Every structure is written in structure tokens, then in C-alpha cells.
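For what it's worth, this note's numbering labels the leading residue of the sequence shown as 1, then goes sequentially.
The next block holds one structure in the form of C-alpha cells; read it before the comments.
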Amino acid sequence: MLIDGHGRKVSYLRVSVTERCNFRCQYCMPEKPFSWVPKENLLSFEDLFLFIKVAIDEGITKIRITGGEPLLRTDLDAFIMMINKHKSGLDLALTSNGYLLKEAAQKLKDAGLKRVNISLDSLKPNVAMQMAQKDVLPKVMAGIDEALRVGLKVKINMVPIKGINADEILDVLEYAKARGMSIRFIEYMENKFAKEKLQGLSAHEVQAIVAKKYHFKEIGREGSSPAQLFEFDDGYRFGIIDPHKHDFCEDCNRIRLTAEGMLIPCLYFDEAMSIKEAVQNGDVIGASEILKEVLRNKPEKNKWTEDDANETSNRAFYETGG
Ligand code: SAM
Ligand code: SF4
């Protein structure tokens with residue numbers, strides 16, 4: 001079992017397989033082109049897998065593949081199959097922008113993937129284009145349809161931003177509900193790569209919008225999930241992720257691995273340690289020691305909380321995988 005320096009049990013590893021992305025979401029990526037990490041700096045799937053095996057042996061039971069856009073990485077289905085074959089019963093999920101999912105969904109399902117979270121910030125083509133800075137909506141929707149068709153469990157992620165997509169909260173919720181998908185509204189997390197002056201909706205503002213049309217009760221959080229859950233009278237549940245609140249971090253159970261092999265204990269802070277050399281040398285003991293050291297130094301909480309209003313993280317979401 002993995003326990004961090006604050007006594008929290010850590011069982012969830014998020015693995016970013018690439019920082020590259022085919023979108024430029026305003027809340028995530030810089031507007032101007034910038035140079036990507038050279039491909040040769042990325043860990044191979046074999047190296048990532050070596051660390052994943054170490055992490056599973058130490059107590060990781062849930063793994064999410066993310067990015068950048070994970071579907072940009074060739075042979076992702078083979079990587080998922082490797083992990084799935086190594087340990088049955090693992091909670092193995094993917095987060096994707098959905099753009100390439102129509103072509104990939106069946107292969108991912110056949111490889112053993114059960115769940116996918118898809119980012120959908122708008123149902124209006126022009127707003128989706130404004131948010132992602134590219135015409136993305138038709139392909140994202142085709143990706144969602146195909147994921148459902150092949151039998152993947154789909155959850156929608158939406159980041160509501162004032163003046164852009166905040167008026168679509170009910171529309172996106174109803175779109176998800178009608179298709180049997182749950183939805184998480186994620187509060188915008190301020191970071192230095194996002195477009196300046198973006199303002200996200202708070203959890204309270206999202207709740208107030210939904211409450212105008214629906215009656216719901218608060219269920220609380222499920223296990224260590226950061227989402228606050230709410231239930232409609234007909235049993236449908238939606239969630240809000242509120243990183244600006246203290247209790248978000250109280251039972252944080254996650255760590256993050258980047259495509260370059262940096263092991264990151266907290267999404268907010270810069271601190272990280274590299275597992276690259278250890279895995280490239282096949283040094284299982286070394287990798288395990290780095291994992292434990294990172295956990296010993298895992299911060300107690302992020303700095304987006306209310307006490308530290310206007311805090312901005314230096315971490316890039318496209319690098320750490322959200
Ligand atoms: N490209 C994939 C996608 O968009 O789903 C996976 C990576 S993305 C970094 C993972 C999640 O982080 C997405 O749901 C995205 O909306 C969310 N995200 C990115 N930047 C964010 C920010 N500044 N605040 C809140 N959520 C953010
Ligand atoms: Fe790409 Fe996802 Fe970031 Fe959007 S949120 S730019 S899709 S990594």
C-alpha cells in the first residue's frame with residue numbers, strides 16, 4: 001500500500017503519454033506556437049509500462065491514460081492491452097478530446113479499455129471552435145457516438161468559462177443525460193499557459209444554473225474522487241470538480257507521470273522527480289524508491305483554494321494530463 005507524507009492512501013496513477021495536442025483549448029494551451037519536447041525525449045511504452053508495473057506492485061489500482069491528446073500517440077491500443085493483460089481487475093480509463101475516437105474506439109475496447117472521459121465544452125460548432133481554436137465539434141460528436149456504440153462507458157468533462165460556453169451548461173448536461181453518460185463540470189484552474197483573463201464559473205454558479213430547471217440533492221463525494229455529486233429526482237447524477245475548495249485535497253489519492261518520465265505529486269506545484277534513468281536501466285528498485293520519495297513529499301493541498309485567491313499554477317495541463 002502506498003501512503004503519502006500526510007497519511008493519505010495513494011492508489012491512482014495518471015499517465016500522460018504525450019504533451020502534444022491537436023486542439024489549442026484556451027484554458028490549457030498557449031495561443032502562440034511553441035516547440036514541443038522532441039519525440040526522442042519521450043519514454044517508450046515499454047519504459048512507461050515498467051514503471052506502471054512497479055506502481056501496481058506497490059498498490060496502484062487505478063490508471064488513467066491522458067495527455068496532451070493521448071490518441072495522437074501511435075499504438076495506444078497496444079499499450080492499453082499490455083497494461084490490461086498484466087493485471088486483471090485494474091480500473092483502466094482514458095481521457096481524450098474525442099477528435100480521433102471514431103477511428104480508435106473499437107480497437108481501444110478490444111484492447112480492454114472500459115471507460116473514457118471525453119471533453120465537450122460546447123454543442124455549438126462556432127463556440128467549440130472558439131474554445132479549441134479549431135473546428136472540432138463534428139469529429140468530437142462522431143467520436144462520442146462511436147465510443148457509445150462499441151460499448152465504452154463515457155463520461156463528459158466540461159470546463160465552463162464566462163462569456164464563452166457558460167450559457168450551455170444545461171444543454172451539455174441534457175445531451176449527456178439523454179445518452180446515458182454522466183458529466184463533470186470542472187472549475188477552470190488558473191495556469192500561466194491559459195489565455196489571459198479567462199474566468200471560470202464557480203461550483204456554486206454551476207449549481208445555481210442547474211437548479212433553475214431541475215430539483216437535485218447533494219450526494220457528496222464518492223471515495224477519493226474530487227467530484228461533488230448531485231442527484232436528480234429520477235436518479236441521474238452529475239458532478240462538479242471544485243479545486244478551489246480545501247476538501248478537494250483532503251483525501252487526494254493520485255500522482256501523475258508525464259511522457260518524459262517526470263513523476264508529479266500535485267497538479268498545482270512544480271516539484272517532480274524523474275524516473276527516466278531508472279526505467280531505462282531496468283532498475284525496478286530505483287523506480288520504486290523514487291515513487292516513495294515523491295509520495296513522502298506530496299504537498300498537503302493545492303494553492304487554488306479560497307485563502308489563496310488569484311493563485312496561478314506554473315504547470316501546463318497539456319503536459320501533466322489534467
Ligand atoms: N486532451 C485530453 C482532453 O482534453 O480531454 C486529455 C488531456 S486534458 C489536459 C484533461 C482534462 O483537463 C480535460 O477534461 C480538460 O478539459 C481539463 N483541463 C485542461 N486545462 C484545464 C484548466 N485550466 N482548468 C480545468 N480543467 C482543465
Ligand atoms: Fe488539448 Fe486537452 Fe489541453 Fe484541450 S484540454 S488543449 S484537448 S490537452
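Heads up, the beta-carbon is just placed ideally off N, CA and C, and yes, glycines get one too.
Computed from a prediction, not measured in an experiment: that's the story for all the values here.
Review point. With DSSP run on the structure shown, which of helix, strand or coil describes methionine 262?
Key: In the sequence shown, the residue the question calls residue 262 occupies position 262. Methionine 262 falls in the strand class under three-state DSSP.
Review point. What residue ranges within the segment 195-269 form continuous alpha helix (DSSP H) runs of no fewer than 4 residues, ordered along the chain?
Key: List check, alpha helix (DSSP H) in window: 203-211 and 247-250.
Exercise for review: Report the residue from Cys249, Ile161, Gly261 and Asp234 whose alpha carbon sits nearest the alpha carbon of cysteine 25.
Suggested key: For the purposes of this step, residue 25 is taken as the residue at position 25 of the sequence shown. For the residues Cys249, Ile161, Gly261 and Asp234, the minimum Cα distance to cysteine 25 belongs to Ile161.
Check your understanding: Which parts of the segment 74-133 are runs of the beta strand (DSSP E), unbroken and 3 residues or longer, counting only runs that do not cross its ends?
Key -> Those beta strand (DSSP E) runs which fall completely within the segment 74-133 and span 3+ residues are 91-96 and 115-119.
Practice item. Might you give, ordered along the chain, the residues of its own chain that have their beta carbon closer than 8 Å to the beta carbon of glutamate 222, omitting 5 neighbours on each side? Key: Taking the first residue of the sequence shown as position 1, residue 222 is located at position 222. Same-chain partners within the cutoff: Leu229.
Practice item. Would you give the residue range spanned by the beta strand (DSSP E) that methionine 158 belongs to? Key: Your numbering for residue 158 matches position 158 in the sequence shown. In the DSSP annotation of this structure, the continuous segment of the beta strand (DSSP E) that includes methionine 158 starts and ends at 153-158.
Check your understanding: Using the rule of at least 16 other Cβ atoms within 10 Å of the residue's Cβ for burial, across every protein chain shown, is proline 243 buried or exposed?
Key -> Locating residue 243 in the sequence shown gives position 243, counting from the first residue. Classification for proline 243: buried.
Point to revise | Cross-strand partners of valine 15 (DSSP beta bridge) | key: Taking the first residue of the sequence shown as 1, we reach residue 15 at position 15. Ile65 and Leu257.
Check your understanding: CA-CA distance, glutamate 300 and cysteine 249?
Key -> Position 300 of the sequence shown holds residue 300. Position 249 of the sequence shown holds residue 249. Straight-line Cα distance between these residues: approximately 7 Å.
Review point. With distances taken from CA atoms, which of Ala166, Gly59 and Ser288 is nearest aspartate 91?
Key: Residue 91 sits at position 91 when you count from the first residue of the sequence shown. That would be Gly59, whose Cα lies nearest to the Cα of aspartate 91.
Exercise for review: Label aspartate 4 either buried or exposed according to how many other C-beta atoms from any shown protein chain fall within 10 Å of its C-beta, with 16 as the threshold for buried.
Suggested key: For the purposes of this step, residue 4 is taken as the residue at position 4 of the sequence shown. Flag for aspartate 4 reads buried.
Check your understanding: Would the beta-carbon of cysteine 21 be found less than 7 Å away from any heavy atom of ligand 2?
Key -> Here residue 21 refers to the residue found at position 21 when the sequence shown is read from its first residue. Cysteine 21: yes, Cβ under 7 Å from ligand 2.
Exercise for review: Please confirm whether any heavy atom of ligand 2 lies closer than 7 Å to the CB of glutamate 190.
Suggested key: Position 190 of the sequence shown, counting from 1, holds the residue named residue 190. No, Cβ of glutamate 190 sits at least 7 Å from all heavy atoms of ligand 2.
**Study point:** Assigned secondary structure, phenylalanine 49 (DSSP; H/G/I helix, E/B strand, else coil)
**Key:** For the purposes of this step, residue 49 is identified with residue 49 of the sequence shown, where counting begins at 1. When secondary structure is reduced to three states using DSSP, phenylalanine 49 falls in the helix class.
Point to revise | Assigned secondary structure, valine 294 (DSSP; H/G/I helix, E/B strand, else coil) | key: Locating residue 294 in the sequence shown gives position 294, where the first residue counts as 1. Correct three-state label for valine 294: helix.
Practice item. Within its chain, find whatever has a CB closer than 6 Å to the CB of isoleucine 275; leave out the 5 residues flanking it on each side and keep chain order. Key: Your numbering for residue 275 matches position 275 in the sequence shown. Excluding its 5 nearest sequence neighbours in each direction, isoleucine 275 has C-beta neighbours in its own chain below 6 Å: Phe51, Gly261, Leu263, Ala287 and Ile290, listed in chain order.
Exercise for review: Please find out if some non-hydrogen atom of ligand 1 comes closer than 7 Å to the beta-carbon of glutamate 222.
Suggested key: Counting from one through the sequence shown, the residue named residue 222 turns up at place 222. Not under cutoff, so the answer is no.
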